[in-house]
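Reading through the structure tokens given below for one structure.
Chains as they are written, first to last, in the working numbering: chain E, 50 to 490; chain U, 50 to 490.
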């Protein structure tokens, strides 16, 4: 049997602890399946406290992650600390330069430095694996990088943030407001004390940036992603969507257009009958549409210590099964040096249907004014719902909901701007994009 | 760049033709992603006709697949002929003995000879890849073999035959009889002229046998699978199932029990709200429940030339990216020599709920007799529906539908046997197993 594969783990939070336990508990299985032992030989964490939920007594302790990353005592550096700069970036860079394989679950880090790191890995003949960085336990990275090698991808979209999906599911099922739902999610541990990163869509954005590079062979361009979180979604939107046969999901979408690649993260209306509309709670789902295979969908746990550790351990096992100097699975699907520059398809050219919800001042001619502003932009309407709500008969405004046929973001923006400045509205109009699903080559 | 990887293709039917075209069309992408060229250097097929839908003018022609399989002109032997013996088996065996990598989509062949071939591959330091053999374009083999290395699998189940699922979907949506539905499916090309292999469940059985070995590290035991096709499913069953909140699917299920591994293929009632109940038409879906990652579901095209060729090309790309003599990804997830003997969990100990539909002679005491036979076997009923159908008021029998609480196959069989011999029934009783879904470690 070959020498043991020596693992250095940086970060002993939920995932790090789960990983150390997993490698312990499955020692025999991993030896059998990988043909060699995988053993944690070194660790580092924020503080060297002794009461941990995993046994690190046989591992060498490092105060400094960079020292661990470059230690002669490890073959694989597993970065589970988080952060897109500082010690996470420094230690991964140092590990790769020292010829170590790297496994990380850190999407923010890779969204920023992924191309640099992939190049370093290739120069040094080592592997950079990051299955756990996108959609937790779902093997979407391996699928796109390896199984779909002969495919050209057309579009990838998915629910990649469990907190947002949990909240939208509860808002849909229970009619809760965003604020009430957030508070309950925080109490139950499904949302962080500072939820901005999740509900603002930043987490989904980092994951999408990686999928875009894998899908289209382009350099990672996280700063070019159109971003809109779920904070403005109201129970009225969700109810109106449901009435019209839609569910609202926070999707990350990346797709090829005539002018480049469109990357966007925003609340999206999807048909209730679509498979992705059925994904409730913290579950994640990713759909890949590609020219040869057609449509694949993968669903599973997007977070949690065990599911994430399962993905990290899969990455480690891939390294254990391989042999140094004989790696030809490029981290980003093709060699990092041949990734092409990202060409942005601008959001204003985005085409699709739109859901518009606005409160109209209750004066004669208000609706006619709205309708003519839409017509000015060549926007035709698929449906209009205008009804006074039972409990608001004395209100001086009435809600109007419109679904447009396919149009452009530019046209919708112009129409809404004109409508707004005409002074017929009470409050701001709500606009939610409708995603056309289903795949036909 | 490394030498080209030379591919020999045996079989130029739908999949073989699609593969040759795919490797042609994606030549540049494959070179970039694999770091070397993949080129079809040799072919064989049933007849050497010239009017093919793919260009094989640069490939050497072989009349005999065994000669192709052992030719010095190839590195990878791709077997797409079909058949579980004869030239398919002989040529794969010869290829492995000659040190060639083998890629095949032939589930029947592997269900019979998979362990032997996996051992040969390992002895000869070559790869045996078969992603296309199960669920077409869905990367379930790679996922189970590589991504889930640290997991112990608990249960795998799936819709793995497009013909059956297409038929059940149409029967559900349109109330068609099995016979009418089959005829239409045949006219549309979704079912073979001789449909036995599909509708009898044999195709699903072969696929399940491979998943069992991957899931539990056991030798392939296709002969130990309980098999029941969809030929006896009637519109009455489908309608009654729907009324009770269920959909009927042909599932292959493999799961660990207290006494061994239970493998079964049969029509199964699944809750309408379950994700797998939403899988309609020819689409396939596989669900893996494992101790670390939890529940993963993958859906996509289970057949078709392009989707299957995509999976075959992924297998070829894996070989192109690797280097000879440095392979440590065992075909069946762990080395074939260490696969454990299959220990069968007998069907009579299967536990679950049951749907029973029978026609009761319309005499006083008939139902009481049925109920007491169930009670004798300690079977308790969750629901009973007894109603005279509108259009059968003059009939001398009435349909009774029962859903049982969890019980054993042995108890149900005994109860139905006793009920049958009591003479209260008109015709044979129908029995459909209910699968408990949802996963909780």
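Even glycine gets a Cβ: it sits at the ideal position worked out from N, Cα and C.
With contacts defined as CB atoms closer than 7 Å, residue 301(E) and residue 393(E) fail to qualify as a contacting pair. Residue-level contact by beta carbon fails for residue 318(U) and chain E, as no gap is shorter than 7 Å. The shortest C-alpha to C-alpha distance from residue 405(E) to any of 452(E), 104(E), 377(E) is the one to 452(E). The straight-line gap separating the alpha-carbon atoms of residue 195(U) and residue 299(E) is approximately 30 Å. Positions of the beta strand (DSSP E) runs, each at least 3 residues long and wholly inside the region 110-158 of chain E, are given as 125-128, 150-153 in order along the chain.
With respect to residue 371(U), residue 200(E) sits apart: the two C-beta atoms are not nearer than 7 Å. If one requires a minimum length of 4 residues, the alpha helix (DSSP H) runs lying completely within the region 331-397 of chain E are 354-370, in chain order.
Residue range 245-248 is occupied by the alpha helix (DSSP H) that includes residue 248(U). In this structure, the straight-line span from the alpha carbon of residue 460(E) to that of residue 435(E) is close to 22 Å. With 16 or more other CB atoms across the displayed protein chains lying within 10 angstroms of its CB, residue 75(U) is buried. Contacts with chain E (Cβ-Cβ distance below 7 Å) from the region 320-334 of chain U involve 324, 327, listed in chain order. Using beta-carbon distances, residue 272(E) does not count as an interface residue toward chain U, since no partner is under 7 Å. Between residue 211(E) and residue 351(E), the beta carbon gap of about 5 Å places them in contact (Cβ cut-off 8 Å).
By the Cβ test, the region 267-275 of chain U is in contact with the region 161-173 of chain U, since at least three Cβ pairs between them sit closer than 8 Å.
Between the alpha carbons of residue 91(E) and residue 103(E) lies a gap of roughly 13 Å. Taking a beta-carbon distance threshold of 7 Å, residue 350(E) counts as an interface residue toward chain U. Residue 386(U) counts as exposed, since fewer than 16 other beta carbons sit within 10 angstroms of its beta carbon.
For residue 87(U), DSSP records a beta bridge to 54(U).
For residue 71(E), the residues of chain U that pass the 8 Å Cβ criterion are 199, 341, in the order they occur in the chain.
Proximity to residue 424(E) across 397(E), 468(E), 333(E) peaks at 468(E), based on C-alpha coordinates. When C-beta distances to chain E are compared with 8 Å, the residues of the region 378-390 of chain U below that value are 378, 379, 382, 383, 384, 387, in chain order.
Fully contained in the region 204-252 of chain U are the following alpha helix (DSSP H) runs of length 4 or more, in chain order: 211-223, 227-236, 245-248. For residue 393(U), none of the residues of chain E pass the 9 Å Cβ criterion, the least Cβ distance being about 22 Å. Between residue 249(E) and chain U, the shortest Cβ-Cβ separation is not below 7 Å.
Taking a cut-off of 8 Å for Cβ pairs, the region 240-257 of chain E and the region 283-296 of chain E do not touch, as fewer than three such pairs fall below it.
The alpha-carbon separation between residue 158(U) and residue 314(U) amounts to approximately 19 Å. Judged by DSSP in its simplified three-state form, residue 183(E) adopts coil rather than helix or strand.
The distance from the Cβ of residue 428(E) to that of residue 340(E) is about 31 Å, inconsistent with a contact at the 8 Å cut-off.
With three or more CB-CB distances shorter than 8 Å, the region 479-488 of chain E counts as touching the region 318-331 of chain E. For the region 58-84 of chain U, the set of positions with a beta-carbon nearer than 8 Å to some beta-carbon of chain E reads 71, 72, 75, 78, 79, 81, 82, 83, 84 in chain order. Residue 262(E) has a beta carbon lying at 7 Å or more from every beta carbon in chain U. At a C-beta separation below 7 Å, residue 186(E) has these neighbours in chain U: 342, 343, 345. With a cutoff of 7 Å on beta-carbon distance, residue 426(U) and residue 463(U) are scored as near each other. If only uninterrupted beta strand (DSSP E) runs of at least 3 residues are considered, those enclosed by the region 246-305 of chain U are 295-305. In this chain, residue 425(E) is not harboured by any beta strand (DSSP E); it is covered by the alpha helix (DSSP H) spanning 415-425.
Counting C-beta atoms within 10 angstroms of its own C-beta, residue 476(U) has fewer than 16 neighbours from the protein chains shown and is therefore classed as exposed.
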